[in-house]
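Engineer:
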Amino acid sequence: MISVIVPHLNQPAALEACLCSLDVQSLSRDLFEIIVVDNGSATPPVDVIAAHRSVRLLHESQPGPGPARNAGAANARGDIFAFMDADCRAHPDWLTAIDETFQQAGPGTILGGEVRIWPLAKGRLTAIEAYESVFGFRNRLYVTKHGYSVTANLAVRRADFAAIGPFPGIQFAEDMQWGQLAIRAGRQFRYVPEMIVLHPARRSLQELYAKWDRQITHYRNMAQGRRGWQIRWFALALLIFGSPAVSAISVLTTSRVRGISDRVKAIAVLCAVRSHRTAKMLALLRGQSAVIWNR
0 MISVIVPHLN
10 QPAALEACLC
20 SLDVQSLSRD
30 LFEIIVVDNG
40 SATPPVDVIA
50 AHRSVRLLHE
60 SQPGPGPARN
70 AGAANARGDI
80 FAFMDADCRA
90 HPDWLTAIDE
100 TFQQAGPGTI
110 LGGEVRIWPL
120 AKGRLTAIEA
130 YESVFGFRNR
140 LYVTKHGYSV
150 TANLAVRRAD
160 FAAIGPFPGI
170 QFAEDMQWGQ
180 LAIRAGRQFR
190 YVPEMIVLHP
200 ARRSLQELYA
210 KWDRQITHYR
220 NMAQGRRGWQ
230 IRWFALALLI
240 FGSPAVSAIS
250 VLTTSRVRGI
260 SDRVKAIAVL
270 CAVRSHRTAK
280 MLALLRGQSA
290 VIWNR
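Sequential numbering of the sequence shown, starting at 0, is according to numbering that gives the first Met the number 0.
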């Protein structure tokens, strides 16, 4: 059995779409269970859960998707844990791809799949959708080059999860930190392109900035304590500020967006985001660390 584990926080409409996508999986329904772990919503999604067959609702008071995923894993019955986010939709063959890959994958293998942006309006991208189609959730790169998978599309055997240990708390980048733990435990990541999850783009620059504020603070928390980290941090901030000149080439040559209009929109957001990232990194270097972790 596969246990699908979905952390949730104040996203009832998105969770409904997520569960609908799991209702139409090509894998037989008796081969997987669904566990939603609410992480402190103002209104727990009881009504949403009740509309879907055999979905279990758990509650985790410790804030953060990592602790919520850990609670789901601790109560799961499956031999395989499949993690996704409440604002994602699974491709109909998502669980089939996981099941078939694990049938022939050796022990110690962890799966990371493709994460695609789905637009609000079919056939037309907003500027942020164009940007995130190119730069958001590049999971093939993360899995093949950096040794981790985003937790929005991750599958692991129960025995391997037990050997690696739980996801870290909200102060850290759970996917990167857990990936490092997995590599140290002798496990290996495998990218599975047929294992597809769809994720919405952020709706505004402010949402995109907030996402990067959390991510950059995670990076700072990981960097602190290492000798000379401030100098490397300052140099990286300057490098990021000048990086759009190089990254624009990726926008112009990628197949993830089409047409000059979408490419221009993606480059405009790219410049804004990289400037914001630089400013945030310099602010953290000065000790300014206010960030909204969980909402």
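From the three backbone atoms N, C-alpha and C, an ideal C-beta is built for every residue, glycine too.
Among Y147, C17, P165 and N69, which has the Cα closest to the Cα of A50?
Structural biologist: For A50, the nearest C-alpha among the options comes from C17.
Engineer: Does the distance from the C-beta atom of T95 to that of S25 stay below 8 Å?
Structural biologist: Closer than 8 Å, so yes.
Engineer: Thinking G77 and E32 are a contact (beta carbons under 8 Å), I'd like their distance in whole angstroms, please.
Structural biologist: Contact holds; Cβ gap of about 6 Å.
Engineer: Starting from L153, follow its DSSP beta bridges and name the residues at the other end.
Structural biologist: For L153, which the question treats as bridged, DSSP gives the partners F82 and G111.
Engineer: So, for K210: in the same chain, excluding its five sequence neighbours on each side, which residues have a beta-carbon less than 8 Å away from its beta-carbon?
Structural biologist: Within the same chain, K210 has close Cβ partners R201.
Engineer: Express the C-alpha separation of K279 and G112 in angstroms, rounding to a whole number.
Structural biologist: Whole-angstrom Cα-Cα distance: 30 Å.
Engineer: Are there 16 or more other CB atoms within 10 angstroms of the CB of M0, so buried, or fewer, so exposed?
Structural biologist: So M0 counts as exposed.
Engineer: Using alpha carbons as the reference points, say which of A158, Y208, P199 and Y190 lies closest to A184.
Structural biologist: Selected option, being the one with the closest Cα: A158.
Engineer: Roughly how many whole angstroms lie between the Cα atoms of I116 and V245?
Structural biologist: Computed Cα separation, rounded: 23 Å.
Engineer: Check this for me: beta carbons of A75 and L110, under 8 Å apart or not?
Structural biologist: Not in contact: A75 and L110 (Cβ atoms no closer than 8 Å).
Engineer: Can you check which of these residues, H90, S27 and A67, is closest to C19 by C-alpha distance?
Structural biologist: Selected option, being the one with the closest Cα: H90.
Engineer: Under the three-state reduction of DSSP, which class applies to I33: helix, strand or coil?
Structural biologist: Here I33 sits in strand by DSSP.
Engineer: Would you mind working out which of V114, A73 and F101 sits nearest M83, comparing C-alpha positions?
Structural biologist: It is V114 whose Cα lies nearest to the Cα of M83.
Engineer: Out of curiosity, what's the CA-to-CA distance linking I195 and F101?
Structural biologist: Answer to the nearest angstrom: the Cα atoms are 15 Å apart.
Engineer: Can you tell me the Cα-Cα spacing of G178 and G224, whole angstroms?
Structural biologist: So the alpha carbons of these two residues sit roughly 20 Å apart.
Engineer: At 3 residues or longer, what runs of the beta strand (DSSP E) sit wholly inside the segment 127-174?
Structural biologist: Counting whole runs of 3 or more residues, the segment 127-174 contains the beta strand (DSSP E) stretches 152-156.
Engineer: Rank G63, V45, G65 and P64 by C-alpha distance to the C-alpha of L56 and give the top, closest one.
Structural biologist: If we check each option's Cα against that of L56, V45 comes out closest.
Engineer: Tell me which residues share the same chain as A151 and place their Cβ nearer than 8 Å to its Cβ, disregarding the 5 neighbours each side in the sequence.
Structural biologist: F82, M83, D84, C87, V114, F136, V196 and H198, listed in sequence order.
Engineer: Quickly, what does DSSP pair S1 with across the bridge? List them, please.
Structural biologist: A small fix is needed here, since residue 1 is Ile in this sequence, not Ser. For I1, which the question treats as bridged, DSSP gives the partners F31 and I79.
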